[in-house]
Each structure stands twice: as structure tokens, then as C-alpha cells.
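Here the structure is laid out as C-alpha cells; the discussion comes afterwards.
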Amino acid sequence: MRRVFAGVDGGGTGTRLRLTDESGTVLGVGQGGRANIATDPHVAWASICTALDQALARAELDEFSLHWAFGLAGAEVSEKRQLFLEMTPSDLPRPIVVTDAYTACLGAHDGKDGAIIVVGTGSVGYAIRSGADGVHTRRVGGWGFPQGDEGSGAWIGREVLAAMLRAHDGRRVPDALSKACWDYLQQEADPLAWGVNKRGGDFARLAPLAIRQAEEGCIEAQRLLSAAAREVEVLISALIDAPGFSDLPISGLGSLTSILMTYFDKSRKYLFKAPLGDAVDGALLLVHRAMNDRK
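Residues in the sequence shown are numbered consecutively from 5, following my numbering.
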């Protein structure tokens with residue numbers, strides 16, 4: 005029977021799945037909705053099944069055996085992870101489930117030791133170090149919005165909204181950033197009430213306003229991005245200044261990392277390297293390793 009492998013990357017905004025054969029040839033890909041198992045394991049399973057159905061339809065396979073690994077947001081919450089695993093349909097094999105930060109780090113360094121800093125809607129730092137006594141990992145941040153995700157798109161967006169509200173109250177001088185935020189929000193709602201019950205992804209939609217205004221010379225927008233960069237640098241320092249992790253190469257992932265890098269302290273010399281792959285690559289590496297270990 006033909007063996008096929010699936011790698012899954014699932015987070016707070018979407019799911020990606022790639023189906024390959026044993027040689028790594030892509031047979032099909034699929035996408036689904038959000039897949040944070042700490043938030044809702046049932047929604048996560050539905051999103052993954054949607055992505056799998058798409059990939060299988062494109063692959064047009066007959067008889068096959070499926071082997072898969074998931075890198076999912078929220079997988080560090082053990083009780084939610086167990087609940088999620090128990091949802092595996094009887095006609096499907098039980099997957100390997102780890103955090104999306106772990107698979108992203110594996111993919112970025114092609115399975116070798118290394119570290120990542122991810123700054124998109126949220127933010128997290130992760131590192132993997134192999135030794136004679138096994139594999140060691142270190143995680144910094146990534147605890148969700150608003151209690152964490154410092155320097156991220158959600159964090160920046162919240163600060164943009166707060167600046168607009170302070171300008172409206174007369175607690176700060178209005179500027180191009182506060183005006184841009186007001187103009188953007190009034191297209192869909194009352195700007196003064198827009199932030200009520202919003203999630204991190206909603207706030208992240210405001211981050212491009214700060215980026216655009218910073219590029220156009222707005223001092224407050226530039227200060228905000230500089231503050232976000234400081235927060236990310238704190239994550240990096242906590243990650244790679246720890247004993248045993250200090251000499252690891254680090255890759256920057258996520259939509260905002262390269263932008264914030266331009267605001268980093270030039271006196272710090274980080275060992276940045278271009279990522280070799282993504283979180284789906286990392287999940288596929290993980291499932292292939294598991295298969296090799298069983299031989």
C-alpha cells in the first residue's frame with residue numbers, strides 16, 4: 005500500500021496542509037480555518053479535516069496509508085492537546101501533535117539546531133538544541149494577546165488604537181497616525197467603540213497603519229515601531245542568551261520581523277540566517293523521523 009505523509013501548520017488565523025509521497029513530491033495541498041487547540045479543539049479538527057479533504061481531492065489517490073504530524077497553536081496546553089487527540093476519527097491514524105513554534109523551528113533550520121523569532125499577529129521565540137542527553141527546547145513569549153505577544157501586530161495595533169483615543173481626549177497632540185487610525189476605523193464602525201470585544205487578529209489589522217505612517221515620516225509611528233522592536237529584542241535576548249543556547253543561528257519568521265529588524269539596536273550582533281523551510285516542512289520532517297525510528 006502506498007504511504008503518504010501530511011504536514012500541518014495550524015494557528016489562530018488559518019491552517020495549511022501539504023501531502024507528499026515518500027520521496028517528498030507534493031501530491032496535494034489544502035487550507036482550512038483557525039486551528040488553535042487551546043481556544044477550540046473542535047474547530048481545529050474541523051479546519052484540519054477541511055484542509056485534508058482538499059489535499060486528497062487534488063492528489064487523486066487510490067489505496068494509501070496516511071502518516072501525519074501537526075504543528076498547532078495551543079498544543080502546549082496538555083489537557084486540550086489530549087482532548088484534541090481523542091477526536092481523531094476511527095478511520096484516520098492518530099497524528100503527532102506538537103506546538104507550531106516547534107515545527108517552525110525545525111523547518112527553518114532543516115531539522116538542525118537553531119532558534120527562531122516569529123513576529124506576525126503574535127510573537128514567540130523558540131530554540132532547539134540537541135545533545136548527548138537528548139533534545140532540549142526553549143520557548144520565550146507566545147502567551148497570547150493581550151497578556152503576551154509583545155511587539156507583535158496585535159500589540160502594535162492596540163497601541164495605535166490607544167494613541168487615537170488619547171488624541172481624541174486631548175491627552176496627546178493629534179498626529180498623522182491618530183488621524184489615519186480614525187479615518188480607517190470610521191469606515192466600518194464608531195472609532196471610539198471599535199476596540200470593544202476585539203481579538204488579537206483584529207488589532208493586528210491596525211499595524212500596517214503604523215508601518216505606513218512611519219515610512220512617511222511620522223515621528224510617533226516611528227517611536228511605536230522602535231518600541232515594538234525593543235520588545236522583540238527582549239524576547240531574542242531571553243531566548244539565545246540562556247546557557248546552552250547562546251551560539252545558535254536564529255531565523256526571523258512572520259510578516260513583521262523583517263520590518264522591525266530595521267529598528268533593532270545596531271550594537272547587538274544576532275546570528276540571523278535565512279530560514280530554509282517553514283512550519284509545514286518541519287511537520288513533515290517530524291513525521292519522517294517518527295517513521296524512521298520505527299524501523
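Ideal Cβ placement from N, Cα and C applies to all residues, glycine included.
Smallest Cα separation from V30: which of D117, M295, D285?
The residue you call residue 30 lines up with position 26 of the sequence shown. Nearest of D117, M295, D285 to V30, Cα basis: D285.
Touching by the beta-carbon criterion (3+ pairs, under 8 Å), the segment 94 to 102 and the segment 70 to 81:
yes
Is S230 helix, strand or coil by DSSP?
One-based indexing of the sequence shown puts residue 230 at position 226. S230: helix per DSSP, three-state reduction.
With DSSP run on the structure shown, which of helix, strand or coil describes D104?
For the purposes of this step, residue 104 is taken as the residue at position 100 of the sequence shown. Of the three classes helix, strand and coil, the one that applies to D104 here is helix, per DSSP.
Return the CA-CA distance between E200 and A193, expressed in angstroms with no decimal places.
Locating residue 200 in the sequence shown gives position 196, where the first residue counts as 1. Locating residue 193 in the sequence shown gives position 189, where the first residue counts as 1. Checking the sequence shown, residue 200 turns out to be Val, not Glu. Distance between the alpha carbons of V200 and A193 is about 11 Å.
Between the C-alpha atoms of Y188 and W159, what's the straight-line distance to the nearest angstrom?
If you number the sequence shown from 1, residue 188 lands on position 184. If you number the sequence shown from 1, residue 159 lands on position 155. The alpha-carbon atoms of Y188 and W159 are separated by roughly 18 Å.
Which full runs of the alpha helix (DSSP H) of 4+ residues lie inside the segment 241 to 279, going along the chain?
Entirely contained in the segment 241 to 279, the alpha helix (DSSP H) runs reaching 4 residues are, in chain order, 261 to 265.
Specify the secondary structure class of W72 as computed by DSSP and reduced to three states.
As a working mapping, residue 72 is identified with position 68 in the sequence shown. If DSSP states are grouped into helix, strand and coil, W72 belongs with the strands.
Taking 7 Å as the cut-off, decide whether the C-beta atoms of V164 and A214 are in contact.
Taking the sequence shown and counting its residues from 1, one reaches residue 164 at position 160. Taking the sequence shown and counting its residues from 1, one reaches residue 214 at position 210. Yes, Cβ-Cβ distance for V164 and A214 is below 7 Å.
Label A197 either buried or exposed according to how many other C-beta atoms from any shown protein chain fall within 10 Å of its C-beta, with 16 as the threshold for buried.
Taking the first residue of the sequence shown as 1, we reach residue 197 at position 193. So A197 counts as exposed.
Would you list the residues sitting across from I132 in a DSSP beta bridge?
Counted from its first residue, the sequence shown places residue 132 at position 128. Bridge partners of I132: G118, T141.
Taking C-alpha atoms, which residue in A39, M295, L280, A294 lies nearest to A119?
Looking up residue 119 in the sequence shown gives position 115. When each option's Cα is compared against that of A119, the closest is L280.
Write down every uninterrupted run of the alpha helix (DSSP H) in the segment 160 to 187 whose length is 4 residues or greater and which is fully enclosed by it, in chain order.
none
Run of the beta strand (DSSP E) containing A10, from where it starts to where it stops
For this step, residue 10 is matched to residue 6 along the sequence shown. Per DSSP, A10 belongs to the beta strand (DSSP E) from 6 to 14.
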